[in-house]
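Novice: My structure is below; once you've seen it, I'll send some questions.
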Amino acid sequence: MKNWILPINNTNDQNYNSYQNKIKLEELECKLPDLDPWHEKALPHINKNSNPLDGCVVNFTEFTYIKDGKVRLNKTLDTKGTRCYFRCYYNKSEFEIEFGNWTSIRHKPDCDIVEVNCTKVNDKAYTYNTMHAQIYRPDASGVKPALKNSNVDSISPPDPAAPFTDTPDRIDLVKPTNLTPPNPLPDVHILVFDSVAHTQFIRSMTTTMHVLRDEMEAIAFPYVNKIGINSRPNGYAMLFGKQAFKVEKSPINDQYDPNVTMEELCGRYLDSDQFVPFEFKKRGYTTMWAEDWEIALFTWPNCRGFAETPADHYMRPFQLRLDRYNYKQDGTMKDQLLRKMCKERHEHVIDYLKDFINSYPDKPKFSLTWLNELAHDNNNGLFHVDMYFKKFFREFKEKFSNSFLFIMGDHGFRFGGIRKTKLGEVEDNNPLLMMVLPEHLRKNRQLVNNMKDNAKILSTHFDTFATLVDIAHNAYNFTHNSTFNNFDKSEINLTINGESYFHPYKLDKKRNCHNLRIPLDLCICQHEREDISNERAFGERLANFMLEHVNQALVEQNQTDLCVELTLNTTASIEVVEFEPSLRFNAFKVTFNVLPGNGQLWGFVQIDGDRSDKNAKISMISERKTILFLWRTLQLNHHNNDDTSSRK
């Protein structure tokens, strides 16, 4: 083992050693983590009773609702003398809404997002204003079953405050027997819980896990490794299949240049790129995309996103109206739809998803639902919605019978107290992934066994993209008798960096962080570590070197008006951990505090030579932009509670 990596300072023949190192990097074994979701060091940061709606009292009831494409009055309330009008919100751009004309509710809106305004003839002071989301289907005539009650306007909407009566511990273990799908093109639904790790989901969503695993035969992938620090690079990997950043050279990596840079992706529109929903749209799918935050995945922080509406049903005008500075006005709409109704953002989004599923029983469907608010700023943010999602999956289990479901995270929880534990450090880099197959494919033993075998090996979002492409191009041929021996990419004119989960992984190269383009500071493979924090002078030297890079990055990125020059807090501890000392990587993780603010910063460096040599060259492994991002976010955290962070 001692000769896996040649010493960095012993390079008599640089080209030969470089060749040798490359071979050895490709052959490095990846020791996968064995995590306890309830590790004792993490317990102080876990609160099963966390619920933002505790004590909430409903003090706004919607006077209107939409059913079968028409705005209707709630006849259980006093509607005498009420006159109501609606106007449509159309998607004009990623940041703009196009408003329709005010129209009587006797007509049907031809849009998904509808604003309603009501007045009363005999009460000049009465005003009512709200917003509804629906799925508007232009060809809906004759698709939906007729209502049993012909007096539609008298039907009451469901009571949002009605108690949940489903028995929590009742598990339906009846396995499906249908081997013939109702439609040769299966549905595809992606549900992303932003900032949720695999073990975090296990810890927080126990009853939902039971429904997914025991009733829907979901397959968990516990060793997915994020490939970038936050949502953007991981989103590009899973939905565009591209590496959008440079992987820095490290003891376990060669340098990997990106397929496309973040700056390029941010500075141009994405309409002509290999976006996964477009692949399904080309094949006759109806598409839907919903997020619960006005700064969308591919527009954060100031990116262009898409010039044209990227999905048949795009919920973005709803979020723009709630949150965008030029549309939210005095915040009344947001206050009504959330705080006064005791509702959370995910409820509006999941209702939109439900309506999408119900509105197209005869069409193949693709949906992308991205939930930011639940867990992005709170590592305990899922506990209180466990029963909600258990009910959702059970309610729609039959409608998911011919669907591929991806329940996933983009990365784990990235900040707060739990992130400072060993469990939290791995969780940050180890996002959730569970997959549910269509019923008829759950009987294909080769497919299921392939997936279970692949789930035991290191994977990335590049593999998720490859799997989605596999579905888009080949799923019409998938049967319970199909063979899954090889994913042939040769006929697919797309950049595909990963492997499909459905076929045996190609193991001519080991699935390690080098071969999968995962940077050292994000790699979940477990390396031998030695704590050398007792070498204080060495720690200060490394910390000051890193601070030079951070301060230089502040200048280069024009952040000096927001951030003063940082200095090392010499009264605080400095943690220095050496990676693989027996292999002489000469790589170190350094964690220290800075002034002003006493924010904590960490990163990875490498020494070219003996660490006792004060003249030995130090180089950064962590990207400077990443370190700067960590600093600015942790600086914000210093003024907030333990579980808050900046966006994305």
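Note that full-length UniProt numbering has the sequence shown beginning at 1, numbered continuously upward. Backbone N, C-alpha and C define an ideal beta-carbon position, used for all residues, glycine too. No experiment lies behind these values; they were computed from the predicted model shown.
Taking only runs of the alpha helix (DSSP H) that begin and end inside the segment 192-276, which ones reach a length of at least 4 residues, in chain order?
Specialist: Counting only runs of 4 or more, we get 198-204, 206-210, 231-240, 262-267.
Novice: Could you name the residues that DSSP lists as bridge partners for H602?
Specialist: According to the sequence displayed, residue 602 carries Trp and not His. T591.
Novice: What separation, rounded to the nearest whole angstrom, lies between the Cα atoms of F99 and K340?
Specialist: Each residue's alpha carbon lies about 25 Å from the other.
Novice: Determine, using beta carbons only, whether I219 and M408 come nearer to each other than 8 Å.
Specialist: Not a contact, by the Cβ cut-off of 8 Å.
Novice: Please report the distance separating the alpha-carbon of N430 from that of V192.
Specialist: Taking the straight line joining both Cα atoms gives about 14 Å.
Novice: In whole angstroms, what is the alpha-carbon distance linking N47 and G284?
Specialist: Cα-Cα distance, rounded: 45 Å.
Novice: My parser needs the alpha helix (DSSP H) runs of 4 or more residues fully inside the segment 272-304; what are they?
Specialist: Counting whole runs of 4 or more residues, the segment 272-304 contains the alpha helix (DSSP H) stretches 276-282.
Novice: Note down, in chain order, each residue of its chain lying with its Cβ closer than 8 Å to the Cβ of K302, except the 5 sequence neighbours on either side.
Specialist: Note on identity: in this sequence residue 302 is Asn, with Lys being the wrong assignment. These residues qualify, in order along the chain: C266.
Novice: CB Y352 to CB A296, shorter than 8 Å?
Specialist: No, they are not a contact pair.
Novice: Alpha carbon to alpha carbon, how far is A237 from V143? Give it in angstroms, no decimals.
Specialist: With a pLDDT of 47 at V143, under the threshold of 50, the predicted position of this residue should be treated as unreliable, and no value is reported.
Novice: With a Cβ-Cβ cutoff of 8 Å, do A475 and L185 count as a contact?
Specialist: Yes, they are a contact pair.
Novice: Measuring alpha carbon to alpha carbon, tell me which of A244, Q552, R268 ends up nearest D257.
Specialist: The residue with the shortest Cα to Cα distance from D257 is A244.
Novice: What distance in whole Å lies between the Cβ atoms of Q255 and K246, which are believed to be in contact at a cut-off of 8 Å?
Specialist: Contact flag correct, Cβ pair sits at about 7 Å.
Novice: If I measure Cβ to Cβ from D139 and keep anything under 6 Å in the same chain, skipping five residues before and after, which residues do I get?
Specialist: So no residue of the chain qualifies.
Novice: Give every residue of the same chain whose Cβ lies closer than 6 Å to the Cβ of G539, excluding the five residues on either side of it in the sequence, and list them in chain order.
Specialist: I574, V576.
Novice: Rounding to the nearest angstrom, what Cα-Cα distance links N230 and K443 in this structure?
Specialist: Distance between the alpha carbons of N230 and K443: 37 Å.
Novice: Is it the case that the segment 595-602 contacts the segment 561-571, given that we only count it when at least three CB pairs across the two stretches are under 8 Å?
Specialist: Touching, yes.
Novice: Return the chain-ordered list of same chain residues with a C-beta closer than 7 Å to the C-beta of I621, the five sequence neighbours on each side being excluded.
Specialist: So the list reads E248, S250, L520, D521, A587, F604, V605, Q606, once near-sequence residues are dropped.
Novice: Less than 6 Å between C-beta atoms, sequence neighbours within five positions excluded: which residues of the same chain meet that for Y128?
Specialist: Correct list, in chain order: F63, C118.
Novice: Would I252 pass as a contact of L43 if the rule is Cβ separation under 8 Å?
Specialist: Their beta carbons are not under 8 Å apart, which means I252 does not touch L43 by this criterion.
Novice: Flag this pair as touching only if the segment 314-321 and the segment 105-125 have three or more C-beta atom pairs under 8 Å; answer yes or no.
Specialist: Enough Cβ pairs lie closer than 8 Å, so yes.
Novice: What did DSSP end up calling T11 once you bin it into helix, strand or coil?
Specialist: The predicted model places T11 with a pLDDT of 35, which falls under 50 and marks its position as unreliable, so this point remains unresolved.
Novice: Which class does P160 belong to by DSSP, given the choice of helix, strand or coil?
Specialist: Confidence in P160 is poor, its pLDDT being 40 and thus under 50, which makes the residue's placement unreliable; the coordinate value appears in the next sentence. In this structure, P160 counts as coil in the three-state DSSP scheme.
Novice: If you draw a straight line from the alpha carbon of W602 to that of E26, how long is it in whole angstroms?
Specialist: Each residue's Cα considered, the two are about 27 Å apart.
Novice: What's the gap between the Cα of L458 and the Cα of T130?
Specialist: Their Cα atoms are separated by approximately 47 Å.
Novice: Let me know the secondary structure DSSP gives F465 once reduced to three states.
Specialist: F465 falls in the helix class under three-state DSSP.
Novice: Give the C-beta separation of K334 and V211 to the nearest angstrom, bearing in mind that I take them to be a contact with Cβ-Cβ under 8 Å.
Specialist: With a Cβ gap of about 32 Å, K334 and V211 do not count as contacting.
Novice: Exposed or buried, what is N558 when buried is set at 16 or more other beta-carbons lying within 10 Å of its beta-carbon?
Specialist: The residue is exposed, with fewer than 16 neighbouring Cβ atoms inside 10 Å.
Novice: DSSP on I585, reduced to helix/strand/coil?
Specialist: The sequence given here has Phe at residue 585, not Ile. Reduced to three states, the DSSP call for F585 is coil.
Novice: Within 10 Å of its beta-carbon, does E264 have 16 or more other beta-carbons around it, so buried, or fewer, so exposed?
Specialist: Exposed: under 16 other Cβ atoms inside 10 Å.
Novice: So is K282 buried or exposed if we call it buried at 16+ other beta carbons inside 10 Å?
Specialist: Exposed, because fewer than 16 other Cβ atoms sit within 10 Å of the Cβ of K282.
Novice: Contact between the segment 545-555 and the segment 494-504 is defined here as three or more beta-carbon pairs at a separation below 8 Å; is this criterion met?
Specialist: These segments do not touch.
Novice: Tell me whether V576 sits in a helix, a strand or coil according to DSSP, three-state version.
Specialist: Strand, per DSSP.
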